[in-house]
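Just so you know, we're using our numbering here: the sequence shown kicks off at 9 and counts up by one.
Backbone N, C-alpha and C define an ideal beta-carbon position, used for all residues, glycine too.
Notes follow once the structure below has been shown.
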Amino acid sequence: MPHTLPRPDQRPDLSAITDVAGISVGHFTEPRRPTGCTVVLVPAGAVGGVDVRGAAPGTRETDLLSPVNTVDVVHAVLLSGGSAFGLDAAGGVMRWLEEQGVGVDVGAARVPIVPAAVLFDLLVGDARIRPGADAGYAACEAASHTPPAEGNVGAGTGACVGKVFGHERAMKGGIGTASVTVGGVTVGALIACNALGDVIDPDTGRVLAGARTADGQGLADIRRSLLAGEAPIPILAGSNTTIGVVATDAKLTKVQANRLAQVAHDGLARAINPVHTVADGDTLFALATGRHDKHPGMMVLATMAAEAVARATVRAVRAAQSLTAVNARGQTQHLPAARDL
């Protein structure tokens, strides 16, 4: 009997990035407007890598993760809303880790290594409110090894998808997680999806969430619409982004961790169309905790990473709930969720 994988929108085992030994996740959801941040904690340290594939990223400490550079340990990764303002939340993560005695010993202090990436959610609600250092600290305080909440929480709170034909035709994005285990080794993913494009079911090719038709009642299917000649509206660079973390308990070198981050983007390409556009800042981090003695080889790990990312991306919109918000100009915005269509 052939082996079949469960569909990405099914979670019979509630798989999550926290299935990877050594990983905990915490959310902070801003109560005053739809935004927030999410932290992936590895206080014991992990080998880190990154791949920035989108053309309009907002990131912190990505150069440090290059294999040619010195530091080879990461203590946390921050994913945040608030566009570039949200990078401030990483300071709160550093403060929390320092209080726990975590960081690289430089003699005078311990310096926590906290790479970060942000997504643009300033058009949802009051843009003057965004995650700062206190939000990052609160996310650390909330961190747990249990499967994290999904949808309209943390970095996914103000995320939306399908903005090619205008924000008024977009739908609610969110944050999702999934994991895959093969031969005792686990790869997990946590994805905050704020994509310009549609989110697709990789198994069926069906659009799950994205740009709606002009009447708002159905899905336009961006790929087919663009190929049929419908013109996209001018898009503000950096106003869309899918960011996330891929983690494994296998032992990896820094070169291998960077390679895992690269191939994990294959999962985004399966689940988002179009992806890696000039208006997206798609960024994926990789973490290897090294808690498992086995190593299935990079071919298998790469396949697992892409699968986990695709499933987590689907989960991000499947778990999302519709949202109505009033922006700083007093305009009311409504973003329906996949479940509403």
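Buried or exposed for L204, please, with buried defined as at least 16 other CB atoms from any protein chain shown within 10 angstroms of its CB. By the neighbour-count rule (16 or more Cβ atoms within 10 Å), L204 is buried.
Return the Cβ separation of L95 and G115 in integer angstroms, given the expectation that the two are a contact with Cβ distance under 8 Å. That belief does not hold up - the Cβ atoms of L95 and G115 are roughly 27 Å apart, past 8 Å.
Should R40 be labelled buried (16 or more other beta-carbon atoms within 10 Å of its own) or exposed? By the neighbour-count rule (16 or more Cβ atoms within 10 Å), R40 is not buried but exposed.
C-alpha distance - I249 paired with H303, whole-angstrom precision: At residue 249 the sequence reads Thr, which differs from the Ile that was named. Taking the straight line joining both Cα atoms gives about 32 Å.
Quick check on this structure: which residue in A135, G184, G174 and W104 has the alpha carbon closest to the alpha carbon of A146? A146 has its Cα closest to that of W104, out of A135, G184, G174 and W104.
Going by DSSP, which residues form a beta bridge with A200? According to DSSP, A200 bridges with I183 and I251.
Beta-carbon separation (whole angstroms), T4 vs A255, contact threshold 8 Å: Residue 4 is absent from the structure shown; the chain starts at 9 and stops at 349.
Kindly list the residues whose CB is nearer than 6 Å to the CB of T12, restricted to its own chain and excluding five residues on each side of it in sequence; keep chain order. Reliability fails at T12, whose pLDDT of 35 lies under 50, so the model's placement of it is uncertain and no value is given.
DSSP state of A206 mapped onto helix, strand, coil: The sequence shown places Asp at residue 206, rather than the Ala named in the question. Strand.
Kindly provide the ranges of any alpha helix (DSSP H) runs that are 4 or more residues long and lie completely inside the stretch 256–324, ordered along the chain. Uninterrupted alpha helix (DSSP H) stretches at least 4 residues long and entirely within the stretch 256–324 occur at 262–279, given in chain order.
Given a cut-off of 7 Å on the beta-carbon distance, is the pair I208 and N266 in contact? It is not a contact, given that the beta carbons lie outside the stated cut-off.
So what does L227 bridge to, in DSSP terms? When beta bridges are read from the DSSP output, L227 appears opposite R220.
Taking only runs that begin and end inside the stretch 135–171, name each unbroken alpha helix (DSSP H) of 4 or more residues, in chain order. When DSSP assignments are scanned along the stretch 135–171, the uninterrupted stretches of alpha helix (DSSP H) that are 4 or more residues long and fall wholly within it turn out to be 141–149.
Shortest alpha-carbon distance to M306 belongs to which of D274, L260 and T321? Selected option, being the one with the closest Cα: L260.
Which word fits P120, buried or exposed, when buried means at least 16 other C-beta atoms lie within 10 angstroms of its C-beta? Taking all protein chains in view, the Cβ of P120 is crowded by 16 or more other Cβ atoms within 10 Å, so the residue is classified as buried.
Hey, quick one: how far does the alpha helix (DSSP H) through L105 stretch, first residue to last? The continuous alpha helix (DSSP H) containing L105 extends over residues A97 to E107.
Quick one: using the 10 Å Cβ neighbour count with 16 as the cut-off for buried, is N202 buried or exposed? By the beta-carbon neighbour count (other beta carbons within 10 angstroms, threshold 16), N202 is buried.
Look at the alpha carbon of G44 and the alpha carbon of A143, and state the distance between them as a whole number of angstroms. Straight-line Cα distance between these residues: approximately 7 Å.
I need the straight-line Cα distance from A98 to A124, nearest angstrom please. Each residue's Cα considered, the two are about 7 Å apart.
DSSP-derived helix/strand/coil call for L73: Here L73 sits in helix by DSSP.
Who are S32's beta bridge partners in DSSP? Listed as beta-bridge partners of S32 by DSSP are L49.
Using CA coordinates, which residue listed in V58, T332, A318 and L130 is at the minimum distance from P75? It is V58.
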